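According to our numbering, the residues represented by the sequence shown are 648 to 948, in order. Where is the CB? At the ideal position from N, CA and C, for every residue including glycine. Predicted, not measured: the structure shown is a model, and the values here were computed from it. Down below is the structure, laid out as structure tokens.
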Amino acid sequence: MVLAHTGRRNAMIAAQEACTRLHELGLQPVMRPEELADIQREYGALAAPAEVLGDDFGDVELVMVLGGDGTILRAAELVREAGIPLLGVNLGHVGFLAESERADLEETVRWVADRSYTVEERTTIEVLVWQGDTLLGTSWALNEAAVEKANRERMIEVVMEVDGRPVSSFGCDGVVLATPTGSTAYAFSASGPIVWPEVEALLMVPISAHALFAKPLVVAPTSVLAVELLTRTDAAGVLWCDGRRSIELPPGARVEVRRSDYPVRLARTRQTPFSERLVRKFELPIQGWRGPIKHQDGAAQ
Numbered sequence: 648m649v650l651a652h653t654g655r656r657n658a659m660i661a662a663q664e665a666c667t668r669l670h671e672l673g674l675q676p677v678m679r680p681e682e683l684a685d686i687q688r689e690y691g692a693l694a695a696p697a698e699v700l701g702d703d704f705g706d707v708e709l710v711m712v713l714g715g716d717g718t719i720l721r722a723a724e725l726v727r728e729a730g731i732p733l734l735g736v737n738l739g740h741v742g743f744l745a746e747s748e749r750a751d752l753e754e755t756v757r758w759v760a761d762r763s764y765t766v767e768e769r770t771t772i773e774v775l776v777w778q779g780d781t782l783l784g785t786s787w788a789l790n791e792a793a794v795e796k797a798n799r800e801r802m803i804e805v806v807m808e809v810d811g812r813p814v815s816s817f818g819c820d821g822v823v824l825a826t827p828t829g830s831t832a833y834a835f836s837a838s839g840p841i842v843w844p845e846v847e848a849l850l851m852v853p854i855s856a857h858a859l860f861a862k863p864l865v866v867a868p869t870s871v872l873a874v875e876l877l878t879r880t881d882a883a884g885v886l887w888c889d890g891r892r893s894i895e896l897p898p899g900a901r902v903e904v905r906r907s908d909y910p911v912r913l914a915r916t917r918q919t920p921f922s923e924r925l926v927r928k929f930e931l932p933i934q935g936w937r938g939p940i941k942h943q944d945g946a947a948q
């Protein structure tokens with residue numbers, strides 16, 4: 648399956664190239680009907696030799712995602728419960744979730760055709776929102792669930808909780824509840840720690856907290872995290888999951904987060920260390936590095 652951000656011209660062109668090459672290599676690409684229609688409306692009926700995806704994912708082995716991290720998050724929303732792996736080709740800016748760049752599209756298509764990729768599972772979180780005994784809503788996230796203030800001029804007063812016990816209370820702009828994958832997204836911007844994807848953990852990161860103790864927390868993956876909006880003020884909040892799905896939070900609302908039973912599966916074509924991807928994506932200037940000491944036998948210490 649090829650999924651593209653058809654609001655961008657470069658994504659539609661890349662989708663055509665990917666579908667054409669997959670077809671030439673003996674595979675039958677499929678696309679969602681609305682995206683295929685967008686491309687054909689712009690470039691003609693035979694622009695992309697793809698079939699229309701049916702009501703379910705049927706025999707889809709992999710989703711090639713053409714776009715930025717937002718497009719990959721949208722794809723994850725579609726296929727998470729089906730367990731289909733995603734392979735991202737970055738057409739955006741950072742593209743931290745993507746495996747390859749636009750310039751590598753030809754090579755990436757060949758890897759897909761040859762099935763020369765591995766699949767890794769990324770932790771996701773389930774999110775429940777309560778008001779007393781009433782369930783206001785549920786959602787999930789690959790990166791983070793972010794509790795934020797609803798009004799710019801008002802802080803929210805919150806209690807952070809781990810496994811049913813309060814940890815700290817303060818006024819703030821919000822709290823980010825993140826996965827290791829999300830540690831390089833919103834949580835990173837809020838000065839949270841970077842956690843390697845292989846680490847099984849969950850994170851709590853306050854945003855602009857007005858408190859002496861408001862440090863980020865890294866907890867066990869089996870822990871249940873919660874953020875409760877106190878009623879001593881009438882400040883309301885809003886919950887954002889991966890920046891895509893939102894739920895309004897009245898005073899007294901409680902957001903609970905735990906690890907989900909449904910991970911997101913990402914296809915990897917390169918076995919590069921996460922540290923290398925980290926430096927490359929953030930374009931950190933590292934000068935004067937000499938590397939590990941080499942011994943006469945060629946081994947590194």
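Taking the alpha-carbon of residue i as reference, which of the options has the nearest alpha-carbon?
{"i": "E903", "options": "D810, L674 and A848", "result": "D810"}
{"i": "L913", "options": "A722, I940, S922 and S816", "result": "A722"}
{"i": "S786", "options": "S907, A662, H652 and I854", "result": "S907"}
{"i": "V926", "options": "M659, I841 and L683", "result": "I841"}
{"i": "W887", "options": "R656, A788 and R801", "result": "A788"}
{"i": "G705", "options": "L720, A837, A729 and E724", "result": "A729"}
{"i": "V874", "options": "L720, D820, M711 and R762", "result": "D820"}
{"i": "L896", "options": "R769, S838, T755 and E804", "result": "E804"}
{"i": "A867", "options": "G784, L783, V846 and G839", "result": "V846"}
Pull the bridge partners of residue i from the DSSP assignment, please.
{"i": "R769", "result": "V911"}
{"i": "S816", "result": "V806"}
{"i": "N737", "result": "G714 and E748"}
{"i": "W777", "result": "L782 and R901"}
{"i": "W787", "result": "E773"}
Using the C-alpha atoms, what's the distance from residue j back to residue i?
{"i": "L752", "j": "V736", "result": "7 angstroms"}
{"i": "I772", "j": "H740", "result": "25 angstroms"}
{"i": "S816", "j": "T878", "result": "13 angstroms"}
{"i": "A834", "j": "M659", "result": "31 angstroms"}
{"i": "R688", "j": "C666", "result": "16 angstroms"}
{"i": "T919", "j": "E698", "result": "34 angstroms"}
{"i": "V677", "j": "P696", "result": "9 angstroms"}
So, for residue i: in the same chain, excluding its five sequence neighbours on each side, which residues have a beta-carbon less than 6 angstroms away from its beta-carbon?
{"i": "E748", "result": "N737"}
{"i": "P853", "result": "C819, V822 and A861"}
{"i": "E768", "result": "P910 and R912"}
For residue i and residue j, which I take to be in contact (beta-carbon distance under 8 angstroms), what is that distance rounded to the nearest angstrom?
{"i": "E795", "j": "G829", "result": "Not confirmed; about 15 angstroms, so no contact."}
{"i": "V901", "j": "W777", "result": "The question names Val, but residue 901 is Arg in the sequence shown. The Cβ separation is near 5 angstroms, so the contact holds."}
{"i": "D716", "j": "L744", "result": "5 angstroms"}
Note down, in chain order, each residue of its chain lying with its Cβ closer than 7 angstroms to the Cβ of residue i, except the 5 sequence neighbours on either side.
{"i": "S870", "result": "V809, D810 and L849"}
{"i": "A651", "result": "A658, M659, A661, A662, E682, L713 and G714"}
Spatial neighbours of residue i within its chain, please: CB distance less than 8 angstroms, with the 5 preceding and 5 following residues excluded, ordered by chain position.
{"i": "P898", "result": "L876, L877, T878, T880, D881, A882 and A883"}
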